[in-house]
Every structure is written in C-alpha cells, then in structure tokens.
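2 protein chains.
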Amino acid sequence: MSDTKWLNESEMAAWMAYVAATHLLERRVEDQLKADSGLTHAQYEILAKLSQQPGGQLRMTELANRLIVSKSGLTYQIGQLERRGLVTRAACPSDERGVLAVLTEEGMRCLERTAPGHVAVVRAFLIDRLTPEEVETMRQIMTKAAAAMKAAPAGPLRAHRPGKSPG
Amino acid sequence: MSDTKWLNESEMAAWMAYVAATHLLERRVEDQLKADSGLTHAQYEILAKLSQQPGGQLRMTELANRLIVSKSGLTYQIGQLERRGLVTRAACPSDERGVLAVLTEEGMRCLERTAPGHVAVVRAFLIDRLTPEEVETMRQIMTKAAAAMKAAPAGPLRAHRPGKSPG
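Line by line, the protein sequences are chains E and B. So for the first sequence, the numbering used here puts the first residue at 61; every next one is plus one. So for the second sequence, the numbering used here puts the first residue at 61; every next one is plus one.
Written out as structure tokens, the structure is:
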C-alpha cells in the first residue's frame, strides 16, 4: 500500500467534481426520460442508435458493441422494449445465426417524442454551460478514458493488491 | 418540437464520449470496490467523507448535502454500513434532533484497505490519461455542471413539453 500514488489536490478536486456532476446528471436524465416516456437511459440509447441505421436495424452483437454493454444486458433491455412494441427482433438475412434488433414505427414515434426533452436536459445541465473549447476538451478526455478501458481486460485491477485477500 | 436546438456534431461527439466513458468507469469502480471490500461506490464515498472529518463524524443532514444524495438514500446506505460495523449512529451533542454518522475503527481499516485499489482505478482509467491542463478543464466543466443542477429545481424540465402528455 505504501507505494500508492494518491491523487494530488487538483486531481482530487477534478475527480470529486466529476463524481458529483455525473451522479446529478444521470439522475436528471433518468427523471426526464421516465416522465416523458417511461424509458430508462439505456433503453433510450438503444432506440437512438437504431434510428441512425438504415432501416432502423442492427445486429444484436454490433449494437452491444456500440452501446458498450454486455450481450445479456442488451438482451434484457431489448426484451423490455419489445414488450412495449418499440423494437422487434428478426433473423439476419446474411447470417443464419445472427439476430437483428429493429426499431418499429411506434419506437420511432416514441424516440421523436422523447428526444426534445432529453436534449434539453443535456444542454441545460452540461453542454450549454461550456465553451466550444471545453466541449472539445471534454470529448478528448472522455475518448481517451473510454479507449483505456476498452483496451484493458475486464474485472478488477490486480497489481496493487496486497498478498492476502481482505476477504 | 420544431424549436428544439439539437446537438451539433462536436457537441454530440462530446456527449457520446462522456456517456460511454462514464458508464465504463462506473462499472470499473464498482467492480474494484466489490472485489476489494464488498462496498458500493456510494458506501465508499460515505466512508471517505467521514474519514476527512475530525473524529470521523458528521451530521447526517450535512453528510447528505456533501454527498448530494437524498436523506432517505443516505439512511439506507448508513444502515448497510452499520450492519457491517463500519459506521455507527450517535446523538448529536449540540442538537437534540441531530444524528451523527460516525466512522468506526473497523470502518477506517476497511477504507485504508480499499483506497489504494480505488485510486489505482481512477488513475489508470481517467486521471493518468490526462494532462494537468485537461485535469483542470475537467474540474471546471464538472463544477459548472454540478452548480447548474444544484441551482435548478428537482424533477423533469417542463418548458419544452408539448401541450398533451405523451401518456
């Protein structure tokens, strides 16, 4: 433990501000989506991603990659959306084993109805508070962080741990 | 809907990068804490905040403010920590109605055992990826965002909504 490199004052201030803002923002986003459409943020992201595709459809495996969720997590969310008639599943014509997630017309209408309120929250509490330079720096910071995590094996870091498990 | 100011390309790229990195990072942080101590991130933050106080204690209302959580949410978390012997509750000597949350010795040991792995995750996947200038910009961005949310009434934004509820 003695070789832990603790955060210095400015690093700690940045991390604490990030944690606070992120928790507040996630709550605001979830509250807005729930009030406007009963969607969770994860479900909204699925509809939004599908709407950007030709025919509103994407293979489940590719959708999971783009959303950075596990296949089991995605399967659950798609099931919830299917029950509401917002998404259907279909066999993939080019691949016997592939399954497509397909945005329905009702799903598209739900997205169109929900998007303005969602964007309003993202603007009011984050984007509109920033200069264009800050927006660009945020993109760079978050892109680097995401890349680091995608490159690292899943599961807890191990190198720092003492010999004995704390149990 | 027609007056919605959609995100432009760079704003959308920044927001998508933020969403992806944040979800990945929260999972990494939670996985690490769970493996090292069985704590959630919310519980870790409580122990960390208390450890910074003289006597390791703070009024519940003040602790809720600093953590930006609801009183009911905090009461639940403190109950979980109390069950593990990491925190106790005590009457506040200066205020009959006040309740103190107090870090126990076992809670302090748990924090000390857990902190190195937590800091390692925060460094590996965020802080160590950034220049000092980026760390400072992130602090500014997140501080502005958090301030905007603290200043706004809770609940969904209403101004954007069409006359009819989408039901």
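C-beta: ideal position from N, C-alpha, C; glycine also. Nothing here was measured: the structure is a model prediction, and the numbers come from that model.
Under DSSP, L160/E forms a beta bridge with R119/E and A150/E. Counted as a single uninterrupted DSSP element, the alpha helix (DSSP H) harbouring L107/B occupies residues H101 to S111. No Cβ-Cβ contact shorter than 7 Å links L84/E with E105/E. Taking each of K204/B, V181/B, L107/B and Q117/B in turn and checking the Cα distance to T191/E, the smallest one comes out for K204/B. Interface flag for V181/E against chain B is set, since a Cβ pair is found closer than 7 Å.
At a cut-off of 7 Å between C-beta atoms, S70/E counts as an interface residue with respect to chain B. Here the segment 150-159 of chain E does not lie against the segment 104-118 of chain B, with fewer than 3 beta-carbon pairs under 8 Å apart. The beta carbon of T82/B falls within 7 Å of a beta carbon belonging to chain E, placing the residue at that interface. One Cα belongs to T82/B, the other to T82/E, and the distance between them is close to 8 Å. A direct Cα-to-Cα measurement between E86/B and V159/B gives close to 30 Å.
At least one beta carbon of chain B lies nearer than 7 Å to the beta carbon of V195/E. In this structure, the straight-line span from the alpha carbon of Q103/B to that of A150/E is close to 42 Å. Identification of chain B residues near I106/E by a Cβ-Cβ cut-off of 9 Å yields none; the smallest Cβ-Cβ distance measures about 13 Å.
Among the residues facing chain B, A211/E is not included, as its CB has no counterpart in that chain under 7 Å away. Cβ-Cβ separation between V182/B and W75/E: approximately 6 Å, consistent with a contact (criterion under 8 Å). For T197/E, the enclosing alpha helix (DSSP H) covers residues P192 to A211. The three-state secondary structure of K65/E, taken from DSSP, is coil.
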